[in-house]
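Counting with my numbering, you get residues 111 to 589 for the letters of the sequence shown. We put the beta carbon where it would ideally sit given N, CA and C, even for glycine. Remember, it's a predicted structure, so these values are computed and weren't measured experimentally. Here the structure comes first, spelled out in structure tokens, and everything after it is commentary.
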Amino acid sequence: MPAQVHVRERAVVALLSVCVFFSVLNTSMFNVSLPEIGREFAVSPARLGWIVTAYSLLFGVSTPFYGRLGDRYGLRRMLITGLSLFSVASLLAAIAPTYPLLVICRALQAIGTGAIPSLGTALIIRHVPEARRGAALGITAATVGAGAALGPTLGGLITQFLSWRALFGVSALLGLAVPFARRLLPPSRPADSRLDLPGGLLLTGVVAGLLIGITNIERHGLDSGLVLGPWMASLLSLLLLGWRIRTVPDPFVPPSLLGNRAYLLAGAIAFLQSGAHFGMLVLVPLLLDRVNRLPAFEIGLAMLPSAAVMSLLSPLAGRLADRLGGLLPMRAGLALWAAGMVLLSSVGAGRSAVLVAGLLILCGAGMGLVNSASTVVVSALLPSERVGLGIGLYNMQFFLGSAFGAALTTTVLEAREPAVDGWNPLHSGAGAGFSDAFLITLAASLVASLLAALIRAERPRAEQAWSAELPQGGERCPS
């Protein structure tokens, strides 16, 4: 390969990795500033939750939309649009004089940053040859772990020594990536297909109903009308979306994706494993606080090694996927994560914080393998003309799973925390409720492992030649 092409490829991966890092950092560093925001604007905890709910809802909805718009109008164009919106919204949030305006700016931030997960991954899939694609995806996955690990500490320092408004100034720096995106990413050729806006709105209804119900679980319980009502609306939207997919010539969600068994299995794995992992990430700080009585700083230190291992292993997992195919490292990662969770439930909950931190490393290592390898698996299952939407829907399932997992595990913990004896016969001592909640995450991960065993090498059914914007061609199947 010519040296100039290789340098450009590396520059594209670096650019997209920076975008992913800032998008994760924007989320992870913001939550620590919520108490300061509440005090400045004198808002109640319930109203303060609006800013979190609005961001989560619009981020989850916009991700598949950007994927479809990227396939229709060009990945480069839509990524630049999202980055520009995100940066402008960040600057406006930094000077927002009232709380409602801050919520609106945060919502616009979510709409902008929703472009990054699906379009960033899709651009790597399209512009990096298959032989090196796993390594590139591994690098971007590593930045996810880095952003998640650094965010709370950085957010706390900036909020304490400067102001919560300065956090939005940091986020606005992502706007500097726009000229580089214009220079490095080749222009995209718009597709001939029309955009099925009603279908997109129905998909929005599906996602919005699910997320609204999920956010109400912790406060109102699973049997509340504020949970079941939005879920019923989501189910109705899903039924109408299915009807539209069958009756219009070019629906928002193409039947070819829904007919791809391996792709559907990969999406289910993403939902289950992200739910398990993010449920664990919610439970462990609560365990270390309520049972081990650690201060916030020491809780962060206990969780840092796991995040570091996940970031370090992600590029390695990508390179392994390039050599061996994505399925083997993905299955190994799922098994490693489950082993860590068995130990956390059996001998970790209620014991030494050092032991908990050590067992978390197993989960971090497993998730590091899963993140990169699973994306390689999905990329090999998508035809080039559907890569934006395919990755967008996949990331949507990952996001929904993380939200549902966090809500479900805290609900289980609330119900089981007073228990003296847990469900796990290998556990003894304090923390029985946490041991039980860890078992819920383990069950989800084990189901994900079973689904991973069902995936076989499949080629995209509608695979076509690469479009003119791509120098490479061909796809391979996961192995």
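Uninterrupted beta strand (DSSP E) stretches inside the region 343-413 (no shorter than 3 residues): none
Local conformation of Cys129 per DSSP, three classes: Taking the sequence shown and counting its residues from 1, one reaches residue 129 at position 19. Helix at Cys129.
8 Å Cβ cutoff met for Ser424 and Ser384: For the purposes of this step, residue 424 is identified with residue 314 of the sequence shown, where counting begins at 1. For the purposes of this step, residue 384 is identified with residue 274 of the sequence shown, where counting begins at 1. Going by C-beta atoms, Ser424 is not nearer than 8 Å to Ser384.
Cβ separation of Thr231 and Ser127, assumed to be a contact under 8 Å, to the nearest whole Å: Here the question's residue 231 lines up with position 121 in the sequence shown. Here the question's residue 127 lines up with position 17 in the sequence shown. Between Ser127 and Thr231 the Cβ distance is about 11 Å, and since that is not below 8 Å, they are no contact.
Counted within 10 angstroms of its Cβ, other Cβ atoms place Arg433 as buried (16 or more) or exposed: Along the sequence shown, read from residue 1 onward, the residue named residue 433 stands at position 323. So Arg433 counts as exposed.
Per-residue DSSP class, three states only, for Thr269: One-based indexing of the sequence shown puts residue 269 at position 159. Of the three classes helix, strand and coil, the one that applies to Thr269 here is helix, per DSSP.
Arg120 (DSSP reduced to helix, strand or coil): Against the sequence shown, residue 120 aligns to sequence position 10. Reduced to three states, the DSSP call for Arg120 is helix.
Three-state secondary structure assigned by DSSP to Thr84: Residue 84 lies beyond the residue range present for the chain, which begins at 111 and ends at 589; the question has no answer from this structure.
Residue range of the alpha helix (DSSP H) that includes Asp546: Counted from its first residue, the sequence shown places residue 546 at position 436. Taken as a continuous stretch (DSSP letters only), the alpha helix (DSSP H) holding Asp546 covers 542-564.
Cβ shell of Gly266 (< 6 Å), same chain only, five flanking positions each side left out: Start at 1 with the first residue of the sequence shown, and residue 266 comes out as number 156. Val142, listed in sequence order.
Beta-carbon separation (whole angstroms), Leu321 vs Ser166, contact threshold 8 Å: Here residue 321 refers to the residue found at position 211 when the sequence shown is read from its first residue. Here residue 166 refers to the residue found at position 56 when the sequence shown is read from its first residue. 6 Å between Cβ atoms; contact.
Residue closest to Ser456, alpha-carbon to alpha-carbon, out of Gly279, Pro535, Val162, Gly435: Taking the sequence shown and counting its residues from 1, the one referred to as residue 456 is at position 346. Checking every option, the nearest Cα to that of Ser456 belongs to Pro535.
Any non-hydrogen atom of the ligand NAP within 7 Å of Val452 CB: In terms of ligand content, the structure shown is empty, and the ligand NAP therefore cannot be addressed.
Inter-residue Cα distance where the pair is Thr357 and Arg292: Locating residue 357 in the sequence shown gives position 247, counting from the first residue. Locating residue 292 in the sequence shown gives position 182, counting from the first residue. Cα-Cα distance, rounded: 38 Å.
Span of the alpha helix (DSSP H) around Arg236: As a working mapping, residue 236 is identified with position 126 in the sequence shown. Unbroken alpha helix (DSSP H) run through Arg236: 225-237.
Residue-level contact to chain C via CB, Gly255, 8 Å cutoff: Absent here is chain C; the protein component of the structure consists of one chain.
Secondary structure of Glu568, DSSP reduced to three states: Stepping through the sequence shown from its first residue, residue 568 is reached at position 458. Here Glu568 scores only 43 on pLDDT, less than 50, and its place in the model should not be relied on; the value that follows carries that caveat. Note: Glu568 maps to coil in three-state DSSP.
Whether Gln219 touches Ala203 by CB criterion (8 Å): In the sequence shown, counting from the first residue as 1, residue 219 sits at position 109. In the sequence shown, counting from the first residue as 1, residue 203 sits at position 93. Yes, Cβ-Cβ distance for Gln219 and Ala203 is below 8 Å.
Residue from Val134, Ser200, Leu195, Gly224 with nearest C-alpha to Ile501: Stepping through the sequence shown from its first residue, residue 501 is reached at position 391. Comparing Cα positions, the closest option is Gly224.
Ala287 vs Ser200 beta-carbon contact at 8 Å: Position 177 of the sequence shown, counted from the first residue, corresponds to residue 287. Position 90 of the sequence shown, counted from the first residue, corresponds to residue 200. No, the pair does not count as a contact, with Cβ atoms beyond the cut-off.
DSSP state of Phe514 mapped onto helix, strand, coil: Residue numbering aside, residue 514 sits at position 404 when the sequence shown is read from its first letter. Correct three-state label for Phe514: helix.
Short Cβ contact (8 Å threshold) for Phe388 with Ser484: For this step, residue 388 is matched to residue 278 along the sequence shown. For this step, residue 484 is matched to residue 374 along the sequence shown. No, they are not a contact pair.
Leu294 - containing alpha helix (DSSP H), residue span: The sequence position of residue 294 within the sequence shown is 184, counting from 1. Counting along the chain, the alpha helix (DSSP H) containing Leu294 begins and ends at 287-294.
Where Val530 sits in the DSSP three-state scheme: Numbered from 1 along the sequence shown, position 420 holds the residue referred to as residue 530. Note: Val530 maps to coil in three-state DSSP.
DSSP state of Leu264 mapped onto helix, strand, coil: Working through the sequence shown from its first residue, we reach residue 264 at position 154. DSSP places Leu264 in helix when its eight states are reduced to three.
Residue of Leu510, Val419, Val316, Phe509 minimising C-alpha distance to Gly476: As a working note, residue 476 is residue 366 in the sequence shown. Answer by Cα proximity: Val419.
Local Cβ density within 10 Å of Ala152, reported as buried at 16 or more and exposed below that: Position 42 of the sequence shown holds residue 152. Exposed: under 16 other Cβ atoms inside 10 Å.
Boundaries of the alpha helix (DSSP H) in which Ser482 is found, first to last residue: Taking the sequence shown and counting its residues from 1, one reaches residue 482 at position 372. Here the alpha helix (DSSP H) through Ser482 covers 463-489.
Phe271, buried or exposed, once every other Cβ within 10 Å from all chains shown has been counted against 16: Looking up residue 271 in the sequence shown gives position 161. So Phe271 ends up on the exposed side.
Touching by the beta-carbon criterion (3+ pairs, under 8 Å), the region 491-501 and the region 232-249: yes
Residue nearest to Ala463 in terms of C-alpha spacing, selected from Gly515, Leu438, Leu404: Residue 463 sits at position 353 when you count from the first residue of the sequence shown. Answer by Cα proximity: Leu404.
Meets three-Cβ-pair contact criterion under 8 Å: the region 553-564 and the region 531-545: no
Candidates Val363, Leu312, Pro297, Leu264, of which the one nearest Arg178 by Cα: Position 68 of the sequence shown, counted from the start, is the residue given in the question as residue 178. It is Val363.
8 Å contact criterion, which Leu426 and Gly248 should meet: CB distance rounded: Position 316 of the sequence shown holds residue 426. Position 138 of the sequence shown holds residue 248. About 7 Å separates the two Cβ atoms, so the contact holds.
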